[in-house]
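Numbering (this note's numbering), first residue to last: 104 to 590.
Below, the structure is given as structure tokens:
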């Protein structure tokens, strides 16, 4: 540990019982990348209400669901929330976890929120990204992966057209016949172009007053609606993986929607086989999977035994989202050892796990993963719905598990090491197992204090991943220089 790290660690230890100072510390802490983030659930509820008002949308007062205009019986203009505080606050509570009672059904309220504001979010992907990117940058993060559903309506229509075939190779052939899947790829890329334009306009990129989000590298992850019919799930998977190979803005796929729905449970193993097959067709596409977002009492015991295992062993997931039911799975120690050996990171959103599953503290497998050498990254999942930010998640980790400053620093580093950014890492070997040691071409250098050598600079120029990691290390130097001298 360097002198600056030791001083920063001492400062953190001295303020652990001071919530105000602790909040400031974690707000300024460099926190890597945001890897588990659903765009529609990440933006603040207040901004969604304002977007609904700007678009002249209406709210069904019985269900508090946004609906398209004109406003008929049983609805009222969303713009009323600008002047009617009670209406505004009721919308915030309906569209997020604000004031949700501890004994309530957080699982259903959380997932129901997406349907209540969904009519707002699909219209403005670029504006949503501008808000979320600003928040990520303000949290001292340096990279964002966010989930969206590309060409969703087109994928639904194509799936209905081709139907289901248990022979996955034949089904993929139906999708690609006559260029149908390529047409979807073109549609999805056009959507992304429109979102980019809207983002750059909203964020004022390229002007003399750019918003912070303009400097943030962003990649899209294609969502797959796991509760849908098998043919639609397969179509969305194929589209997302084909996109990841043809458009550098898209990097991976992920399965979304509740893992405990009957359709999700019934088709889980089939969906893992789908991913396995498509990985053979699209080997350059990356895969991160929600798996193990389950808990005893939510599903039958039999459904707790294999989800993470199959995501790792069959689907070949490179990261696991949530992974909460790990110790309830059959031979879970072997799964954990496999994840450690393959450097399969687990994405941990503490607040989401508490709100949806009621899992927190010692019940959470956070420490179990770490004890088995599994890479762990902290995430927010849906910070707009949860009413939190990534600083909150780091603070929770520090307070709940007594993490030291070097341990927190390595969590931040891990979120860039296991990000789906192209290029060679700044770190050598397996940093989770062996520690974060710089690759030979940059060894001995101190970002923020020394300039990179010509050889190291070539790495930073050629590798987007290494460039972002160097930027974070520079930020750590400035952070430690500030907080190590505060006592």
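We put the beta carbon where it would ideally sit given N, CA and C, even for glycine.
Closest Cα partner of residue i within the set the options
| i | options | result |
| --- | --- | --- |
| residue 552 | 426, 574, 540 and 543 | 574 |
| residue 513 | 118, 136 and 191 | 136 |
| residue 328 | 370, 496 and 174 | 370 |
| residue 445 | 415, 458, 424 and 462 | 415 |
| residue 146 | 123, 216, 179 and 124 | 216 |
| residue 408 | 376, 368, 379 and 380 | 368 |
| residue 359 | 480, 251 and 532 | 251 |
| residue 246 | 322, 222, 187 and 377 | 322 |
| residue 134 | 509, 537 and 557 | 509 |
| residue 356 | 458, 422 and 331 | 422 |
| residue 270 | 165, 333 and 121 | 333 |
| residue 349 | 242, 385 and 457 | 385 |
| residue 495 | 242, 171 and 105 | 242 |
| residue 285 | 178, 305 and 261 | 261 |
| residue 279 | 520, 381, 388 and 457 | 381 |
| residue 521 | 389, 347, 264 and 294 | 389 |
| residue 424 | 466, 387, 433 and 472 | 472 |
Inter-residue spacing [alpha-carbon to alpha-carbon] between residue i and residue j
| i | j | result |
| --- | --- | --- |
| residue 566 | residue 560 | 10 angstroms |
| residue 502 | residue 587 | 20 angstroms |
| residue 497 | residue 176 | 46 angstroms |
| residue 298 | residue 399 | 40 angstroms |
| residue 208 | residue 563 | 48 angstroms |
| residue 455 | residue 198 | 15 angstroms |
| residue 266 | residue 392 | 25 angstroms |
| residue 447 | residue 396 | 17 angstroms |
| residue 420 | residue 450 | 12 angstroms |
| residue 524 | residue 515 | 15 angstroms |
| residue 173 | residue 159 | 8 angstroms |
| residue 228 | residue 301 | 8 angstroms |
| residue 534 | residue 110 | 23 angstroms |
| residue 244 | residue 126 | 16 angstroms |
| residue 200 | residue 379 | 36 angstroms |
| residue 437 | residue 248 | 29 angstroms |
| residue 308 | residue 366 | 43 angstroms |
| residue 576 | residue 282 | 46 angstroms |
| residue 255 | residue 313 | 31 angstroms |
| residue 107 | residue 439 | 34 angstroms |
| residue 128 | residue 582 | 9 angstroms |
| residue 480 | residue 506 | 14 angstroms |
| residue 617 | residue 405 | Look at the range of the chain in this structure, 104 to 590, and you will see that residue 617 is not part of it. |
| residue 161 | residue 144 | 20 angstroms |
| residue 441 | residue 305 | 44 angstroms |
| residue 130 | residue 585 | 13 angstroms |
| residue 211 | residue 113 | 42 angstroms |
Own chain, CB closer than 6 angstroms to residue i, minus 5 neighbours either side, in chain order
| i | result |
| --- | --- |
| residue 183 | 190 |
| residue 443 | 475, 476 and 477 |
| residue 547 | none |
| residue 578 | 133 |
| residue 361 | 214 |
Other residues of its chain near residue i: CB distance less than 7 angstroms, five sequence neighbours each side excluded
| i | result |
| --- | --- |
| residue 202 | 196 |
| residue 529 | 541, 542, 545, 569, 572 and 573 |
| residue 363 | 397, 401 and 402 |
| residue 372 | 413 |
| residue 558 | 544 |
| residue 537 | none |
Other residues of its chain near residue i: CB distance less than 8 angstroms, five sequence neighbours each side excluded
| i | result |
| --- | --- |
| residue 205 | none |
| residue 240 | 315, 316, 318 and 319 |
| residue 504 | 469 and 470 |
| residue 556 | 544, 545 and 548 |
| residue 527 | 542, 562, 565, 566, 568 and 569 |
| residue 517 | 135, 448, 478, 479, 480, 534 and 535 |
| residue 122 | none |
| residue 519 | 135, 136, 245, 246, 568, 571, 572 and 575 |
Residue-level contact to chain D via CB, residue i, 8 angstroms cutoff
| i | result |
| --- | --- |
| residue 474 | Going by chain labels, chain D is absent from the structure shown, which holds only one protein chain. |
Distance cut-off 7 angstroms: residue i Cβ against heavy atoms of the ligand SAM
| i | result |
| --- | --- |
| residue 183 | The model on display carries no ligand, and the ligand SAM is accordingly not part of it. |
Exercise for review: Report the residue ranges of all alpha helix (DSSP H) runs contained in full by the segment 298-382; include only those spanning at least 4 residues, in chain order.
Suggested key: Runs found: 333-349 and 365-369.
Check your understanding: Just checking, does the segment 287-300 make contact with the segment 476-492 on the three C-beta pairs under 8 angstroms criterion?
Key -> The segment 287-300, when compared against the segment 476-492, does not touch it at the 8 angstroms Cβ threshold.
Check your understanding: Any chance the segment 136-153 sits against the segment 474-486, with 3 or more Cβ pairs inside 8 angstroms?
Key -> By the criterion of at least three beta-carbon pairs nearer than 8 angstroms, the segment 136-153 is in contact with the segment 474-486.
Review point. Taking one C-beta from the segment 269-277 and one from the segment 331-346 each time, how about it: are there three or more such pairs within less than 8 angstroms?
Key: For the pair of segments examined, the segment 269-277 was found to touch the segment 331-346: the number of CB pairs separated by less than 8 angstroms reaches three.
Point to revise | alpha helix (DSSP H) runs contained entirely in the segment 499-587, provided each spans 4 or more residues | key: The segment 499-587 contains, as complete alpha helix (DSSP H) runs of 4+ residues, the segments 508-520, 534-537, 557-565 and 567-586 (chain order).
Practice item. Evaluate the contact criterion for the segment 145-160 versus the segment 233-249: three or more CB pairs, one atom per stretch, below 8 angstroms. Key: A contact exists between the segment 145-160 and the segment 233-249.
Practice item. Report the residue ranges of all beta strand (DSSP E) runs contained in full by the segment 142-197; include only those spanning at least 3 residues, in chain order. Key: Correct list: 161-163, 168-170 and 178-180.
Check your understanding: Are three or more beta carbon pairs between the segment 340-349 and the segment 310-327 nearer than 8 angstroms?
Key -> Three or more Cβ pairs drawn from the segment 340-349 and the segment 310-327 lie within less than 8 angstroms of each other, which places the two stretches in contact.
Exercise for review: Can you check the segment 406-490 for any beta strand (DSSP E) of at least 3 residues that lies completely inside it and give the ranges in chain order?
Suggested key: You should have 422-425, 448-451 and 479-481.
Exercise for review: Spell out a yes or no on whether the segment 460-476 and the segment 419-439 are touching, meaning 3 or more CB-CB pairs, one atom from each, closer than 8 angstroms.
Suggested key: With a cut-off of 8 angstroms, the segment 419-439 and the segment 460-476 count as touching, because enough Cβ pairs lie within range.
**Study point:** 3 or more residues per run - each beta strand (DSSP E) lying fully within the segment 188-274
**Key:** Counting whole runs of 3 or more residues, the segment 188-274 contains the beta strand (DSSP E) stretches 246-251.
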